[in-house]
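Going by this note's numbering, the sequence shown opens with residue 33, and the numbers climb by one from there.
Note that beta-carbon positions come from the ideal geometry of N, C-alpha and C, so glycine has one too.
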Amino acid sequence: MAKPHVMRIEGYVILSADGMLADASGVMPVALKFEADQKFFESALDDADLIVHGKNSFEDQPRSPERTRIVLTRSIPALARDPANPKATLWNPAGASFEDACRASGATRGTAAIIGGPVVFEMFMDRFDTFWLSQAHSLTIPGGIGGFVEVPRRSPQDILASHGLKAGEVRILDAARAVDVTAWRRTT
Ligand SMILES: NC(=O)c1ccc[n+]([C@@H]2O[C@H](COP(=O)([O-])OP(=O)(O)OC[C@H]3O[C@@H](n4cnc5c(N)ncnc54)[C@H](OP(=O)(O)O)[C@@H]3O)[C@@H](O)[C@H]2O)c1
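Right, here's the structure in full:
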């Protein structure tokens, strides 16, 4: 089936071995921040034309203020300029399509980087061209918040596969701490 828009959609997340993106209090712990992964993430976002995330997610990088972004929130009915950030468009999917939100942001070509949280990833599961899944294989976050809505009932890998994505190349980011990133690419 033809895609409903022309932007390339890429997802980014780093998860613990047990599939968590934040601790029980909803905060991404320092233990889940690795220099090599942060560099990978920063360079990918430098190449993106649009960043998309929920109200509580933010990449917090030096060039963040320069990036065009869409922020999901239920605090507005459909679309609005973000009074706090001239590069940000507020979007409530209940009142406007993603395509409308892209037009409102001024970014309608190139790559959109979807950076979380779990509900936002879920919305794009059938649209990702590539999902870059970073994982810290020697870190667990008991009682944490799953990276995807169905974690821990299903593994992140099962979820990506069930949405038509297939594991491709694996890049080792930090061998000593068992951190890598796998490119999950759409096959269907
Ligand atoms: N490890 C990683 O790579 C990674 C990635 C992303 C996030 N995180 C961490 O995960 C935690 C945040 O998790 P979160 O689930 O709270 O993230 P979030 O999706 O960034 O924030 C949730 C908020 O976004 C808005 N939102 C989300 N889905 C929406 C929808 N369908 N329609 C309208 N508004 C929507 C709502 O804002 P309003 O309340 O304004 O309506 C909601 O309260 C943070 O600690 C963050 O650092 C980690």
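Simplified DSSP state of residue i, which is helix, strand or coil
i: alanine 199; result: strand
i: serine 129; result: coil
i: leucine 192; result: helix
i: glycine 166; result: Inspection of the sequence shows that residue 166 is occupied by serine rather than by glycine. Here serine 166 sits in strand by DSSP.
i: glutamate 154; result: helix
i: arginine 209; result: coil
i: alanine 139; result: coil
Residue i vs residue j beta-carbon contact at 8 angstroms
i: glutamate 91; j: isoleucine 147; result: yes
i: leucine 82; j: serine 137; result: yes
i: alanine 168; j: leucine 104; result: no
i: valine 84; j: valine 183; result: no
i: alanine 144; j: isoleucine 41; result: yes
i: valine 202; j: aspartate 69; result: no
i: leucine 165; j: proline 150; result: no
i: threonine 140; j: alanine 215; result: no
i: methionine 52; j: isoleucine 204; result: no
i: glycine 43; j: phenylalanine 156; result: yes
Continuous beta strand (DSSP E) stretch holding residue i: start and end
i: aspartate 114; result: 111 to 114
i: glycine 43; result: 40 to 48
i: proline 174; result: Counting along the chain, proline 174 falls outside any beta strand (DSSP E), and DSSP gives it neither H nor E.
i: asparagine 117; result: 117 to 123
field: Complete runs of the beta strand (DSSP E) confined to the stretch 50 to 107 [at least 3 residues]
entry: Fully enclosed beta strand (DSSP E) runs of no fewer than 3 residues occupy 52 to 54, 82 to 86 and 101 to 104 of the stretch 50 to 107, in order along the chain.
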